[in-house]
Amino acid sequence: MGRKIVILLGHPGVGKGTQARAIVQHLEIPQISTGDMLRDAIAKKTTYGREAKEKMDAGELVSDSIVNGIVSERIKRNDCKKGFILDGYPRNVSQAETFRKLVKNGDHLAVIELSADSERLRKEKRLVGRLMCPGCGEIYNEFSKAPKEDQICDLCGRQLIHRSDDREELISERFRTYHEETSPLIQFYQDLGVYHQVDGMRPIETVTEEILKIINNSVAAVYDRRRS
Ligand code: ADP
Ligand code: ZN
């Protein structure tokens with residue numbers, strides 16, 4: 016049986032991380048978040064951590080060679096045998112071309128765009144209000160999904176943090192990067208016949224249900240590299 020590969024696409028702040036965490040529970044395949052892995056590398060002061068931090072704090076993409084390297088290593092691990100959920104990768108066409116070579120015939124590939132209204136993302140303070148648990152990775156929002164106890168993770172009790180790139184003045188730049196570099200992937204995956212869209216502005220649980228429906232129904236998504 017091929018692997019189940021789910022790619023979540025969408026605007027910064029639309030909820031890719033939140034949804035990836037939710038579907039992990041249902042599908043029993045791991046979440047691979049390049050953003051989380053890069054933040055880890057920064058915290059551990061690895062060689063590419065410094066470059067990654069510069070780019071991330073400017074709202075730009077980290078270089079393809081770094082990100083492609085991280086992902087190709089990560090998916091070799093045992094826990095990815097049955098599949099994995101990619102959240103935040105690929106983020107431009109060149110990464111998608113690289114990743115395409117790692118998909119094998121027989122793998123089930125579903126690409127799901129969580130569509131968003133960028134004005135509403137701003138108004139709802141999805142990014143400036145975001146809080147993250149450095150321990151277990153749970154994601155909160157000060158305004159819409161606050162932890163029970165102020166600044167403390169409900170799940171593991173750690174002190175929550177604000178990501179350094181979730182600043183008001185960086186948001187436009189991150190949105191611009193998304194439109195210029197990432198949104199062309201919609202066409203890329205439409206052409207491969209594996210693209211789906213879910214309205215990411217609906218309540219978290221509704222979006223999760225929609226995503227699971229798509230994954231369970233995507234019988235047609237057996238990937239065949241010989242096509243196109
Ligand atoms: P969000 O999607 O909310 O912006 P992420 O945690 O996915 O949050 O990404 C944060 C930052 O990490 C991005 O702005 C970018 O600088 C970097 N990054 C994450 N994934 C990639 C990737 N696949 N390629 C290049 N840069 C990446
Ligand atoms: Zn936690």
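Heads up: the sequence shown begins at 16 in our numbering, then just goes up one per residue. Beta carbons: idealized from backbone N, C-alpha and C, even for Gly.
Can you tell which of K19, G28, C168 and V21 has its C-alpha closest to the C-alpha of E134?
-> Taking the sequence shown and counting its residues from 1, the one referred to as residue 134 is at position 119. Taking only the C-alpha atoms, the option nearest E134 is G28.
Curious, which full-length alpha helix (DSSP H) runs of at least 4 residues does the region 88-135 contain?
-> As far as the region 88-135 is concerned, its whole alpha helix (DSSP H) runs of at least 4 residues are 108-115.
Between the C-alpha atoms of T113 and K119, what's the straight-line distance to the nearest angstrom?
-> Residue mapping note: residue 113 aligns to position 98 of the sequence shown, counting from 1. Residue mapping note: residue 119 aligns to position 104 of the sequence shown, counting from 1. In a straight line, the C-alpha of T113 is about 13 Å away from that of K119.
Quick one: what's got a C-beta closer than 6 Å to M52's C-beta in the same chain, skipping five residues either side?
-> Reading the sequence shown from its first residue, position 37 is the one you call residue 52. I85.
Say whether the region 29-46 touches the region 93-102, bearing in mind that this needs 3 or more beta-carbon pairs closer than 8 Å, one atom from each stretch.
-> Between the region 29-46 and the region 93-102 there are three or more inter-stretch CB-CB distances shorter than 8 Å, so the stretches are counted as touching.
Is any heavy atom in the ligand ZN found nearer than 6 Å to the beta carbon of E153?
-> Counted from its first residue, the sequence shown places residue 153 at position 138. The nearest non-hydrogen atom of the ligand ZN is less than 6 Å from the C-beta of E153.
Do L23 and A35 have their C-beta atoms within less than 7 Å of each other?
-> Residue mapping note: residue 23 aligns to position 8 of the sequence shown, counting from 1. Residue mapping note: residue 35 aligns to position 20 of the sequence shown, counting from 1. The beta carbons of L23 and A35 sit closer together than 7 Å.
The beta strand (DSSP E) spanning R54 covers which residue range?
-> Within the sequence shown, residue 54 is the residue found at index 39, counting from 1. Careful: R54 lies outside any beta strand (DSSP E), inside the alpha helix (DSSP H) at T49 to A58.
Same chain only: Cβ atoms within 6 Å of G64, ignoring 5 sequence neighbours per side = Reading the sequence shown from its first residue, position 49 is the one you call residue 64. So the qualifying residues of the chain are A56 and I57.
Span of the alpha helix (DSSP H) around R191 = Here residue 191 refers to the residue found at position 176 of the sequence shown. Judged by DSSP secondary structure, R191 falls within the alpha helix (DSSP H) whose first and last residues are E183 to T192.
Beta-ladder partner(s) of R145, from DSSP | Reading the sequence shown from its first residue, position 130 is the one you call residue 145. Beta-bridge pairing links R145 to N156.
Going by the C-beta, is Y63 closer than 6 Å to any heavy atom of the ligand ADP?
-> Looking up residue 63 in the sequence shown gives position 48. Every heavy atom of the ligand ADP is 6 Å or more from the Cβ of Y63, so no.
Cβ-heavy atom distance between Y104 and the ligand ADP below 6 Å?
-> Here residue 104 is taken as the residue at index 89 of the sequence shown, counted from 1. Yes, since a heavy atom of the ligand ADP falls inside the 6 Å radius drawn around the Cβ of Y104.
Assuming V94 and Q46 form a contact by the criterion Cβ under 8 Å, report the distance between their Cβ atoms to the nearest whole angstrom.
-> To locate residue 94, count along the sequence shown from 1; it is residue 79. To locate residue 46, count along the sequence shown from 1; it is residue 31. Per the sequence shown, the amino acid found at residue 94 is Asp instead of Val. Actually they are not in contact, since the Cβ atoms of D94 and Q46 sit about 11 Å apart, beyond 8 Å.
Would you identify the three-state DSSP class for H211, choosing helix, strand or coil?
-> Here residue 211 refers to the residue found at position 196 of the sequence shown. H211 carries a strand assignment under DSSP once its states are collapsed to helix, strand and coil.
Could you pull out every residue in the same chain whose Cβ sits closer than 6 Å to the Cβ of S233, ignoring the five residues on either side in sequence?
-> Residue numbering aside, residue 233 sits at position 218 when the sequence shown is read from its first letter. Answer for S233: A125, listed in chain order.
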